[in-house]
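Reading through the structure tokens given below for one structure.
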Amino acid sequence: MIGLLPLFLCCCVLLPAAARAAPVTFRVDMGPYLAAGYFDPASDRLELRGDFDGWAAAQRILQAHAGGSVYAVVADLPAGGIAYKFLIVRSGGAEIWEEDIPNRTWQVPAGGGSPPTAPFADLAATLSADARVVGADLSFVPQLSALGAAFSRDGQQAPLLALVAEAGVGLVRLRLWHTPTEPWHGLEATVAFAHQVQAAGFALMLDLHYSDGWADPGQQTMPAAWQGTPVATLADSVAAYTAHVVARFVDEGLTPRYVQLGNEIDAGLLWDAGRVGWPGSAWDTPTQWDTLTTLLQAAAGAARAALPPGAPTELVVHLAPGGDNARCRWFLDRLAAAGVDYDVIGLSYYPWWHGTLWQLQANLRDLRPRYGKPLLVVETAYPWTLAAADATGNFVTAGTSLHAGYPATPPGQRDFLRDVRRVVETSGGVGVVCWEPAFIPVDGGPGNPWENLTLFDFEGEALPGLWFGAAGNAASDAPAPAGASLLQNRPNPFNPATEIRFRLEHAGPIRLKIYDVAGRLVRTLVDAVADAGWHRLGWAGTVDAGRALPSGIYLYELVTPQGVEQRRMVLVR
Numbered sequence: 081m082i083g084l085l086p087l088f089l090c091c092c093v094l095l096p097a098a099a100r101a102a103p104v105t106f107r108v109d110m111g112p113y114l115a116a117g118y119f120d121p122a123s124d125r126l127e128l129r130g131d132f133d134g135w136a137a138a139q140r141i142l143q144a145h146a147g148g149s150v151y152a153v154v155a156d157l158p159a160g161g162i163a164y165k166f167l168i169v170r171s172g173g174a175e176i177w178e179e180d181i182p183n184r185t186w187q188v189p190a191g192g193g194s195p196p197t198a199p200f201a202d203l204a205a206t207l208s209a210d211a212r213v214v215g216a217d218l219s220f221v222p223q224l225s226a227l228g229a230a231f232s233r234d235g236q237q238a239p240l241l242a243l244v245a246e247a248g249v250g251l252v253r254l255r256l257w258h259t260p261t262e263p264w265h266g267l268e269a270t271v272a273f274a275h276q277v278q279a280a281g282f283a284l285m286l287d288l289h290y291s292d293g294w295a296d297p298g299q300q301t302m303p304a305a306w307q308g309t310p311v312a313t314l315a316d317s318v319a320a321y322t323a324h325v326v327a328r329f330v331d332e333g334l335t336p337r338y339v340q341l342g343n344e345i346d347a348g349l350l351w352d353a354g355r356v357g358w359p360g361s362a363w364d365t366p367t368q369w370d371t372l373t374t375l376l377q378a379a380a381g382a383a384r385a386a387l388p389p390g391a392p393t394e395l396v397v398h399l400a401p402g403g404d405n406a407r408c409r410w411f412l413d414r415l416a417a418a419g420v421d422y423d424v425i426g427l428s429y430y431p432w433w434h435g436t437l438w439q440l441q442a443n444l445r446d447l448r449p450r451y452g453k454p455l456l457v458v459e460t461a462y463p464w465t466l467a468a469a470d471a472t473g474n475f476v477t478a479g480t481s482l483h484a485g486y487p488a489t490p491p492g493q494r495d496f497l498r499d500v501r502r503v504v505e506t507s508g509g510v511g512v513v514c515w516e517p518a519f520i521p522v523d524g525g526p527g528n529p530w531e532n533l534t535l536f537d538f539e540g541e542a543l544p545g546l547w548f549g550a551a552g553n554a555a556s557d558a559p560a561p562a563g564a565s566l567l568q569n570r571p572n573p574f575n576p577a578t579e580i581r582f583r584l585e586h587a588g589p590i591r592l593k594i595y596d597v598a599g600r601l602v603r604t605l606v607d608a609v610a611d612a613g614w615h616r617l618g619w620a621g622t623v624d625a626g627r628a629l630p631s632g633i634y635l636y637e638l639v640t641p642q643g644v645e646q647r648r649m650v651l652v653r
């Protein structure tokens with residue numbers, strides 16, 4: 081046995097020594113993403129992951145480097161080849177956006193070092209700030225305003241159009257029905273509101289439904305005035321009506337930036353004459369497709385003829401299934417074969433109906449080069465709560481309808497809409513239009529299945545999601561913790577009393593306290609277990625013993641198991 085020892089020692093000497101790790105500094109320039117509003121340092125974090133840790137080891141979080149747009153982190157790595165990526169993790173840590181590029185690769189020298197600093201992703205081919213479309217469909221606003229709807233930011237009432245403009249929205253979409261049973265969506269009311277919209281500085285998108293009411297994939301009812309009309313005459317009616325509407329807007333000095341030739345027409349329009357269907361259905365016939373493309377061509381030709389020379393107006397064909405590539409290609413291939421004239425592919429995207437953000441991204445990245453046309457998401461929305469404010473059943477009532485990683489909270493809503501914008505603008509699209517963000521519940525108003533999908537709360541207070549299109553860190557509020565939402569007190573400033581409102585997603589223990597600007601506790605309003613839902617408390621500017629406090633700035637703080645929220649209010653004696 082002793083004779084074997086030298087051989088054993090010799091074998092040990094011949095084994096290679098383990099590679100020694102050395103510091104490697106990774107840097108990425110977030111400048112383009114910061115400028116576009118795709119990355120918010122107040123709520124997002126930036127991480128490094130790579131094959132050197134199996135993409136699953138301890139997270140390496142990058143920090144702003146010298147206060148600029150470059151973010152950096154140091155990792156100890158052995159020499160050799162590595163592949164890595166940077167990722168954005170949204171508020172709450174549940175949703176991750178990887179770079180839209182293949183893995184970066186680099187050879188780590190024996191003494192460490194630093195790979196070249198590069199942009200988070202190559203945005204050279206994306207939109208300039210001036211070309212970006214951030215829009216809102218506000219068609220319900222005249223009706224709601226007539227019923228007394230009011231809107232505010234931080235408890236201060238303000239005109240809705242001013243609030244929307246301040247949030248970075250630059251385009252307003254208005255729907256038009258042929259002969260509605262009520263006046264709000266007819267030509268006269270739409271023209272009147274369009275004047276207000278344009279005077280407030282917005283561009284216009286005109287959405288022609290070619291119906292007396294709602295038109296979508298489940299209903300494309302022909303206007304009563306056209307029912308029974310032969311197809312040839314129907315095409316003339318469509319052309320005459322389209323020309324009349326567009327000419328009216330032009331004559332009023334309201335030349336639209338976009339005109340939609342129908343609303344969500346992937347099942348056709350003007351049923352049953354222009355109805356089409358998925359292969360195998362009774363509506364997928366050459367005759368049906370010929371009729372539909374004839375009607376669309378008549379509408380496009382009439383719209384072009386009614387526009388002034390050199391007008392920048394673009395015609396939009398609007399389909400519903402934003403995440404369904406096969407269905408979009410099936411429809412658009414037939415329009416291309418018939419030579420239908422239009423400029424922009426419009427899509428709806430609601431994740432509970434149309435799939436994930438990844439499916440939307442894949443669809444956009446196929447459609448843009450395939451048809452050579454820009455894309456525009458002309459409808460999208462996301463819930464800020466699963467609660468309801470009226471007896472009308474809502475479209476989204478359960479967590480199973482949510483997109484993974486985006487809770488039904490104000491910051492979750494904001495993050496989702498911001499990421500829809502990011503997907504669109506980095507995949508050949510020009511922008512996003514949020515559908516009816518001001519459709520809040522109003523006494524005497526229409527049945528509202530939408531109140532938890534708006535960008536204002538049930539009482540008209542602006543939510544962080546209203547700033548989904550703002551570049552840079554322009555959100556109106558710090559992110560609220562999931563599960564609770566503390567609103568601005570009303571009135572503010574106040575004398576003698578004010579009201580504090582908050583919402584709980586889950587029942588549990590809460591504390592609501594008032595502090596002065598020096599941080600001294602002056603009043604405990606609640607210290608108990610509270611039910612889920614909305615809560616209101618009044619405060620008359622007094623301490624527990626009833627003594628009136630002097631004028632000044634006070635802070636009110638809500639503590640729940642989900643986190644802490646704090647706001648400021650002003651008492652004026």
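Per our numbering, the very first residue in the sequence shown carries number 81; after that it's consecutive. For each residue, glycine too, the CB sits at the ideal point set by N, CA and C.
For the pair of segments examined, the region 229–238 was found not to touch the region 142–162: the number of CB pairs separated by less than 8 Å stays below three. Looking at the DSSP output, S232 bridges to Q237 and E541.
Classified as exposed, Q299 has fewer than 16 neighbouring CB atoms from the shown chains inside 10 Å of its CB. Annotation: the region 265–307 contains the following complete segments of the beta strand (DSSP E) (minimum length 3 residues), in chain order: 283–288. Straight through space, the alpha carbons of D495 and F166 are spaced by roughly 18 Å. Ranked by how close their Cα comes to the Cα of S219, the residues T105, V188, R583 and D287 have D287 in first place.
Its chain contains L592 and L617 as the residues whose beta carbon lies nearer than 6 Å to that of L605, once the 5 sequence neighbours on both sides are disregarded; these appear in chain order.
Counting along the chain, A163 sits inside the beta strand (DSSP E) bounded by residues G160 to V169. Residue ranges of uninterrupted beta strand (DSSP E) with 3 or more members, entirely inside the region 335–419 and ordered along the chain, are 338–341 and 394–399. For R616, the enclosing beta strand (DSSP E) has its first and last residue at G613 to W619. A residue is called buried once 16 or more other Cβ atoms fall within 10 Å of its Cβ, and S194, having fewer, is exposed.
Around the Cβ of Q646, a 10 Å sphere holds fewer than 16 other Cβ atoms; the residue is exposed. DSSP places S565 in the strand class (E or B) of the three-state scheme.
Assignment of V510 by DSSP, reduced to helix, strand and coil, places it in the strand class. In the DSSP annotation of this structure, the continuous segment of the beta strand (DSSP E) that includes V252 starts and ends at L251 to L256. An exposed status is given to L601, since fewer than 16 other beta-carbon atoms sit within 10 Å of its beta-carbon. Partner residues in the beta bridge of G588, as assigned by DSSP, are A610. For the options H483, G381, L128 and V213, the alpha carbon positioned closest to that of E179 is the one of L128.
Shown here for T259: same chain residues with a beta carbon closer than 8 Å to its own, the five before and five after excluded, namely G266, D292, P303, A304 and A305 in chain order. W358 sits exposed, since fewer than 16 C-beta atoms from the chains shown fall within 10 Å of its C-beta.
Annotation for G492: Y486 place their beta carbon closer than 6 Å to its own, counting only its chain and skipping 5 residues before and after. In the DSSP annotation of this structure, the continuous segment of the beta strand (DSSP E) that includes P103 starts and ends at A102 to D109. The beta carbon of P189 lies closer than 7 Å to those of A159 in the same chain, with the five residues before and after it left out. When DSSP reads this structure, K453 sits in no beta bridge, so it has no partner. Using a C-beta cut-off of 8 Å, the region 511–529 makes no contact with the region 438–450, since fewer than three inter-stretch Cβ pairs fall below that distance. Rounded to whole angstroms, the gap between the alpha carbons of V249 and A295 is 25 Å. Of all alpha-carbon atoms in T365, I633 and I425, the one lying nearest the alpha-carbon of Y451 is that of I425. Counting along the chain, the unbroken beta strand (DSSP E) around E637 starts and ends at G632 to T640. CA-CA distance, F119 to A386, rounds to 42 Å. Under the DSSP assignment, T185 falls in the beta strand (DSSP E) whose first and last residues are R184 to V188. In the same chain as V500, and ignoring 5 residues on each side of it, the C-beta atoms closer than 6 Å to its own belong to T460 and V512, in chain order.
As the crow flies, the alpha-carbon of R603 is around 6 Å from that of D624. In its chain, beyond the 5 residues on either side, A163, Y164, K165, P195 and A198 have a beta carbon closer than 8 Å to the beta carbon of R184. CA-to-CA, the gap between D331 and R253 works out to about 19 Å. In this structure, DSSP gives G492 a helical state, which the three-state scheme calls helix. When R384, G508, D156 and G626 are compared, the shortest CA-CA separation from A323 is found for R384.
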